[in-house]
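Following: one structure in structure tokens, then a few remarks.
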Amino acid sequence: MGTLWVVLIAIAALVVGLLLGFLIARKTMMSYLQKNPPINEQMLRTMMMQMGQKPSQKKINQMMRSMNQQMDSNKKKK
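According to full-length UniProt numbering, the sequence shown is numbered sequentially starting from 1.
Here's what the structure looks like:
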């Protein structure tokens with residue numbers, strides 16, 4: 001009977017550890033992506049030039065604002 005308790009405690013500790021590890025890693029990654037967005041103005045300008053468009057600063061600001069709003073709405077959903 002004592003061995004059964006040891007196994008159950010080990011399994012419970014493993015599940016709790018995996019859950020906590022996942023939540024901590026997710027929180028860390030979300031804060032990293034918020035501080036260092038994957039796309040900045042220079043990358044956006046380069047992508048537009050590669051697609052054959054002449055990027056104006058107004059267009060770039062508009063696209064960045066749209067992307068930031070989408071990131072904020074996705075964050076609020078979760």
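Even glycine gets a Cβ: it sits at the ideal position worked out from N, Cα and C.
- By the Cβ test, the stretch 28-47 is in contact with the stretch 56-65, since at least three Cβ pairs between them sit closer than 8 Å.
- Take the alpha-carbon of MET67 and the one of GLY52: they are about 21 Å apart.
- For MET63, the uninterrupted alpha helix (DSSP H) run begins and ends at 57-77, by DSSP.
- For GLN50, the uninterrupted alpha helix (DSSP H) run begins and ends at 41-50, by DSSP.
- MET48 sits close to PRO55, with the two beta carbons spaced by under 8 Å.
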